[in-house]
């Protein structure tokens with residue numbers, strides 16, 4: 005059974021459009037009015053299928069997300085820290101070895117770099133470039149604990165991207181924007197969080 009995904013819908017529309025044009029011309033030349041009207045309707049329907057497929061493909065590409073990491077929080081046995089953060093990278097769909105980071109705070113934050121491409125490159129299948137560079141603990145800003153020492157762990161060097169690559173890349177025509185991005189949420193011990201990358205930055209989602 006043919007799965008009507010956007011690509012198949014576009015292909016089916018192009019094929020039926022081509023056949024419809026050929027048979028419409030054939031019917032016109034032979035003066036068959038009813039047949040020509042039928043094939044004209046087929047041509048119109050085929051064109052609608054192609055546009056629907058293109059629209060669906062564009063919608064999927066612009067809203068595509070990639071799972072890049074999983075995070076769990078656990079109670080810390082060390083009284084100096086508030087919780088342990090278990091960070092599990094996901095590279096090209098493959099789960100990598102986990103690492104444990106002791107954290108201070110009631111929330112955790114993931115930070116990194118984003119290179120956002122022009123829409124035409126997204127339509128061609130090129131995904132947003134990302135780097136996860138830092139994990140940190142934090143206190144909500146309305147608490148007195150904000151003045152306490154918070155924890156931060158560097159996962160990748162940020163100097164090159166911050167001082168050189170961003171200034172160079174943002175002037176390249178196919179690059180829409182380059183910037184640092186961060187997302188944070190409350191520490192919850194009974195949940196697994198998925199870190200996703202969309203077109204504009206990181207997304208934190210509770211895994212089911």
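Residue numbers (the working numbering): 5 to 212.
For glycine and all other residues, C-beta sits at the position ideal for the given N, C-alpha and C.
The structure displayed is predicted, hence computed values, not measured ones.
Assess, as a yes-or-no matter, whether the region 70–85 is touched by the region 190–203 under the definition of 3 or more beta carbon pairs within less than 8 Å.
When C-beta atoms of the region 190–203 are compared with those of the region 70–85, three or more pairs fall below 8 Å, so the two segments count as touching.
If you draw a straight line from the C-alpha of residue 46 to the C-alpha of residue 20, how long is it?
The straight-line gap from Cα to Cα measures roughly 7 Å.
DSSP three-state label for residue 189, please.
Residue 189: strand per DSSP, three-state reduction.
Taking the alpha carbon of residue 213 as the point to measure from, which residue in 43, 30, 206, 111 has its own alpha carbon closest?
Absent from the model: residue 213. The displayed extent of the chain is 5 to 212, so no value can be given.
Paired residues, beta bridge with residue 88 - DSSP
In the DSSP output, where bridge partners are listed per residue, residue 88 has 78, 106.
On a CA-only basis, which of 102, 176, 157, 116 is nearest residue 125? Give me that one, please.
Answer by Cα proximity: 176.
Supposed contact pair residue 142 and residue 109 - C-beta distance, whole angstroms, cut 8 Å:
With 8 Å as the limit, residue 109 and residue 142 qualify as a contact, their Cβ atoms being about 5 Å apart.
Who are the near neighbours of residue 13 in its chain, counting only those whose CB is closer than 6 Å to its CB and skipping five residues on each side?
Around residue 13, the same chain offers 53, 57 as residues with beta carbons nearer than 6 Å, after the five sequence neighbours per side are excluded.
Integer Cβ distance of residue 178 from residue 120, believed to fall under 8 Å
About 11 Å separates the two Cβ atoms, so there is no contact after all.
Which residue marks the beginning of the alpha helix (DSSP H) containing residue 170, and which one marks its end?
Going by DSSP, residue 170 is part of the alpha helix (DSSP H) stretching over 170–173.
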